[in-house]
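J.: Everything in the sequence shown is counted per our numbering, starting at 858 for the first residue and increasing by one.
The structure under discussion is supplied below as structure tokens; questions concerning it will follow.
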Amino acid sequence: MAASSSPSYRSTQALIVGGGIHGCSLALNLALRGVECVVIEKDYVARHASGVNGGGVRTLGRHLAEITLALKSAALWRDMDSLLDQPCGLRVSGNIRLAENEQDLEKLSRRVRELQSLGFWHERMVDPSELRSIAPAVSRHCLGGLYVAEDGFANPFTVTSAFRARAAAKGATFVEGTRVTGVDVQAGGWAVQTDTGAWRSRWLFNCAGGWSQQLAQRMGDPLPIRADGSMQIVTARMPAFLQPVVGSASRSVSIKQWPNGTVTIGGGHRAAVNLATGQSSIRPEKLSLAAASAAALFPCLRQAQAVRFWSGIEAFTPDGLPIIDRGSQEGAFHVTGFSAHGFQLAPIVGQLVARWAVEGTMPALLAPFSRTRFSRSSPATSSH
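The following block contains the structure:
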């Protein structure tokens, strides 16, 4: 009699594909609810976007659909050390979006008026005098800005690793260096093949970031996800000159100075990626635009020395908003497409998706992030 070629399956209640911060947050929140879960990661936890993003913990400038979600996540960030049972290194520095001219001022003022009409008061305008008390080194031509004092930043690799450690301490299992090679729907759950073995689970969560479109196809849910690389510059250490995270009303730039004196300069500049190899590229001409913008806003940066560059693979949607939704098959969930701004949202998203899976009711806060919105005639427009 011929030996059976069918795989021998290990079982778990929940299988999470992707060991970024959203996969790790979801694992922790499922484990806290007593759900047995396994995280499958093709490289190692925090290898890609969740380990090399800018670390922004930002409510400033959020799309209207995300504001309440971001504010609730901000409350969790304030108690993050207790949640993770270790210091997470959150630096509450403030976040400001600069106005360089009257048009910028009017643009930011309209934003404040719109938010206040909707009952949001976390963003406020600052005049030139207050701007210079917040950021004394800013260029003299800047006229003010839009400010959130409670925003800040943290080291993304440190935080993602802390989520992983806490989830593991609560019973979650992490299987690294393992690729998903097949996905099948079966009665009562999912059968997932990997290059290190096969699994059965009741729930399957797609947290695969830049690779999530490939996994979604296997799950029967084509998603409009594009993988791209978000580039950053890191400078040599400089004397302290900047506390808040700084952006601009009219430039694609983000600037932050870390406690060790190094400065990170980014701002949405993209480069091509290779999903097959897991490699991203650098476009020096785009990074030079970011560097020039940073130096225009902070003249002291004209003397900065760039010591390294990075580009992390991230998942982007057409409207710049994430996809946080059930799949078309029972037990399937997609948590992806955070379009280079998902780090701050991870604590609340993990909490809400875990609740949704266990209790069966979609949290109202997640309604704007349906995967089906792209089939509608007028998708949301990003304001990131």
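Where a beta carbon is used, it is the ideal one built from N, C-alpha and C, also for glycine.
Just so you know, these numbers come straight off a predicted model, no measurement behind them.
1. Taking the alpha-carbon of P1081 as reference, which of A1093, G1067, T1092, M1088 has the nearest alpha-carbon?
2. For the region 1010-1020 against the region 938-954, do three or more pairs of beta-carbon atoms, one drawn from each stretch, fall closer than 8 angstroms, so that the two count as touching?
3. Can the beta-carbon of V1110 be found less than 8 angstroms from the beta-carbon of L883?
4. Give me the Cα-Cα distance between N952 and E923, rounded to the nearest whole angstrom.
5. Let me make sure I understand the geometry here. Which of G1054, A1197, S1150 has the alpha-carbon closest to that of P1175?
6. Return the CA-CA distance between L955 and G1124, expressed in angstroms with no decimal places.
7. Excluding the 5 residues preceding and the 5 following P1220 in the sequence, name in chain order all residues of the same chain whose CB lies nearer than 8 angstroms to its CB.
8. If we ignore side chains and look at the alpha-carbon of each, how far apart do L1099 and S1227 end up?
9. Have a look at F977 and P864 and give me their C-alpha separation to the nearest angstrom.
10. Please list, in chain order, all residues of the same chain as S1239 whose beta carbon is under 8 angstroms from its beta carbon, the five residues on each side excluded.
11. Taking the C-alpha atoms as reference points, what is the distance between G877 and Q960?
12. Cα-Cα, which of Q1071, C1157, I1205 is closest to A994?
13. Which same chain residues, not among the five before or five after P1204, have their C-beta less than 8 angstroms away from its C-beta?
14. Go through the region 1061-1103 residue by residue and report every complete run of the alpha helix (DSSP H) that reaches 4 residues or more, in order.
15. By the 10 Å Cβ neighbour count, where 16 or more other Cβ atoms means buried, how is S861 classified, buried or exposed?
16. Could you tell me the alpha carbon to alpha carbon distance between C999 and L1202, rounded to whole angstroms?
17. Is DSSP giving S990 helix, strand or coil here?
18. What are the complete beta strand (DSSP E) segments, minimum 3 residues, inside the region 924-959?
19. Mind checking who H872 pairs with in its DSSP beta bridge?
20. Alpha carbon to alpha carbon, what distance is there between Q1089 and Q943?
21. Just the Cα atoms here: how many angstroms apart are R867 and A1055?
22. Mapping the DSSP letters down to three states, classify D1052 as helix, strand or coil.
23. Do you know how far the Cα of L1222 is from the Cα of A1237?
24. With 16 other CB atoms within 10 Å as the buried threshold, where does P1101 fall?
25. So, A1084 versus L1132, is the Cβ gap smaller than 8 angstroms?
26. Are R968 and E987 touching if we call contact CB-CB under 8 angstroms?
27. Taking the beta strand (DSSP E) that V1210 falls in, what are its first and last residues?
28. I need the straight-line Cα distance from A1161 to W1115, nearest angstrom please.
29. I think F1173 touches N1063, with their Cβ atoms under 8 angstroms apart; what is that distance to the nearest whole Å?
30. Go to A1163, then tell me how far its beta strand (DSSP E) extends in each direction, as first and last residue.
31. Could you check how far apart the C-beta atoms of G1086 and A1128 are, in whole angstroms? I think they sit under 8 angstroms.
32. Can you name the start and end residues of the beta strand (DSSP E) that F1189 belongs to?
33. Less than 8 angstroms between the C-beta atoms of R1057 and A1048, yes or no?
34. Quick check: the Cα distance between I1139 and G1169, rounded to an integer number of angstroms?
35. How far does the alpha helix (DSSP H) with I878 in it extend, from its first residue to its last?
36. Under 7 angstroms Cβ to Cβ from S1137, same chain only, skipping five residues before and after it: list those, please.
T.: Here's the rundown:
1. Walking along the sequence shown from the start, residue 1081 turns up at place 224. When only C-alpha atoms are compared, the closest one is G1067.
2. Result yes; three or more Cβ-Cβ pairs closer than 8 angstroms.
3. For this step, residue 1110 is matched to residue 253 along the sequence shown. For this step, residue 883 is matched to residue 26 along the sequence shown. In this structure, V1110 sits away from L883, with a CB-CB distance that is not shorter than 8 angstroms.
4. Start at 1 with the first residue of the sequence shown, and residue 952 comes out as number 95. Start at 1 with the first residue of the sequence shown, and residue 923 comes out as number 66. Rounded to the nearest angstrom, the gap between the Cα atoms of N952 and E923 is 17 angstroms.
5. Taking the sequence shown and counting its residues from 1, one reaches residue 1175 at position 318. Per the Cα distances, A1197.
6. Stepping through the sequence shown from its first residue, residue 955 is reached at position 98. Stepping through the sequence shown from its first residue, residue 1124 is reached at position 267. Taking the Cα positions, L955 is about 13 angstroms away from G1124.
7. Locating residue 1220 in the sequence shown gives position 363, counting from the first residue. Correct list, in chain order: L1209, R1212, W1213.
8. The residue given as residue 1099 occupies position 242 in the sequence shown. The residue given as residue 1227 occupies position 370 in the sequence shown. L1099 and S1227: Cα-Cα distance of roughly 38 angstroms.
9. Mapped onto the sequence shown, residue 977 falls at position 120. Mapped onto the sequence shown, residue 864 falls at position 7. Going by the C-alpha atoms only, they are around 54 angstroms apart.
10. For the purposes of this step, residue 1239 is identified with residue 382 of the sequence shown, where counting begins at 1. Low local confidence applies: a pLDDT of 44 at S1239 is under 50, so the model's placement there is unreliable, and no value is given.
11. Counted from its first residue, the sequence shown places residue 877 at position 20. Counted from its first residue, the sequence shown places residue 960 at position 103. If you take the alpha carbons of G877 and Q960, they lie about 39 angstroms apart.
12. Residue numbering aside, residue 994 sits at position 137 when the sequence shown is read from its first letter. Considering only alpha carbons, the answer is C1157.
13. For the purposes of this step, residue 1204 is identified with residue 347 of the sequence shown, where counting begins at 1. Annotation for P1204: S882, S930, L933, W934, M937, L940 place their beta carbon closer than 8 angstroms to its own, counting only its chain and skipping 5 residues before and after.
14. Listed in chain order, the complete alpha helix (DSSP H) runs (minimum 4 residues) inside the region 1061-1103 are 1069-1075.
15. On the sequence shown, position 4 is the one that residue 861 refers to. Caution applies to S861, whose pLDDT of 42 falls short of 50 and renders its modelled position unreliable; the model cannot decide the point.
16. Residue 999 sits at position 142 when you count from the first residue of the sequence shown. Residue 1202 sits at position 345 when you count from the first residue of the sequence shown. Looking at the backbone, the Cα of C999 and that of L1202 are separated by about 30 angstroms.
17. Along the sequence shown, one-based indexing puts residue 990 at 133. Looking at S990 - three-state DSSP - the assignment turns out to be helix.
18. Counting only runs of 3 or more, we get 952-956.
19. Taking the first residue of the sequence shown as 1, we reach residue 872 at position 15. It is worth fixing the name first, because residue 872 is Leu in this sequence and not His. Note: L872 sits in a beta bridge opposite V895, L1061.
20. As a first step, residue 943 is located in the sequence shown; it is residue number 86 there, counting from the start. As a first step, residue 1089 is located in the sequence shown; it is residue number 232 there, counting from the start. Their backbone Cα atoms lie some 28 angstroms apart in a straight line.
21. For this step, residue 867 is matched to residue 10 along the sequence shown. For this step, residue 1055 is matched to residue 198 along the sequence shown. Approximately 6 angstroms between the Cα atoms of the pair.
22. On the sequence shown, residue 1052 is found 195 positions in, with the first residue counted as 1. Reduced to three states, the DSSP call for D1052 is coil.
23. Taking the sequence shown and counting its residues from 1, one reaches residue 1237 at position 380. Taking the sequence shown and counting its residues from 1, one reaches residue 1222 at position 365. Low confidence applies here, because A1237 scores a pLDDT of 44, under 50, leaving its location unreliable and the question unanswered by this model.
24. Numbered from its first residue, the sequence shown carries residue 1101 at position 244. Burial call: buried.
25. Residue numbering aside, residue 1084 sits at position 227 when the sequence shown is read from its first letter. Residue numbering aside, residue 1132 sits at position 275 when the sequence shown is read from its first letter. In contact: A1084 and L1132 (Cβ atoms closer than 8 angstroms).
26. Taking the sequence shown and counting its residues from 1, the one referred to as residue 968 is at position 111. Taking the sequence shown and counting its residues from 1, the one referred to as residue 987 is at position 130. At a Cβ-Cβ threshold of 8 angstroms, R968 and E987 do not count as neighbours.
27. The residue labelled residue 1210 in the question sits at position 353 within the sequence shown. For V1210, there is no enclosing beta strand (DSSP E); the residue is found in the alpha helix (DSSP H) stretching over 1203-1216.
28. Residue 1161 sits at position 304 when you count from the first residue of the sequence shown. Residue 1115 sits at position 258 when you count from the first residue of the sequence shown. Straight-line Cα distance between these residues: approximately 14 angstroms.
29. Position 316 of the sequence shown, counted from the first residue, corresponds to residue 1173. Position 206 of the sequence shown, counted from the first residue, corresponds to residue 1063. Incorrect: roughly 15 angstroms between the Cβ atoms, too far for contact.
30. Taking the first residue of the sequence shown as 1, we reach residue 1163 at position 306. Taken as a continuous stretch (DSSP letters only), the beta strand (DSSP E) holding A1163 covers 1163-1173.
31. Walking along the sequence shown from the start, residue 1086 turns up at place 229. Walking along the sequence shown from the start, residue 1128 turns up at place 271. Their Cβ separation, rounded to whole angstroms, is 4 angstroms, which keeps G1086 and A1128 in contact under 8 angstroms.
32. Start at 1 with the first residue of the sequence shown, and residue 1189 comes out as number 332. Per the sequence presented here, residue 1189 reads as Ala, with Phe not at that position. Looking at the DSSP string, the run of the beta strand (DSSP E) that includes A1189 is 1189-1193.
33. Stepping through the sequence shown from its first residue, residue 1057 is reached at position 200. Stepping through the sequence shown from its first residue, residue 1048 is reached at position 191. Between R1057 and A1048, the gap from beta carbon to beta carbon is short of 8 angstroms.
34. Here residue 1139 refers to the residue found at position 282 when the sequence shown is read from its first residue. Here residue 1169 refers to the residue found at position 312 when the sequence shown is read from its first residue. Straight across, the Cα-Cα distance linking I1139 with G1169 is about 10 angstroms.
35. Within the sequence shown, residue 878 is the residue found at index 21, counting from 1. Run containing I878: 878-889, per the alpha helix (DSSP H) assignment.
36. Locating residue 1137 in the sequence shown gives position 280, where the first residue counts as 1. Taking S1137 as the centre and dropping the five residues before and after it, the same chain places the C-beta of G1086, A1128, V1130, S1168, G1169, I1170 closer than 7 angstroms to its C-beta, in chain order.
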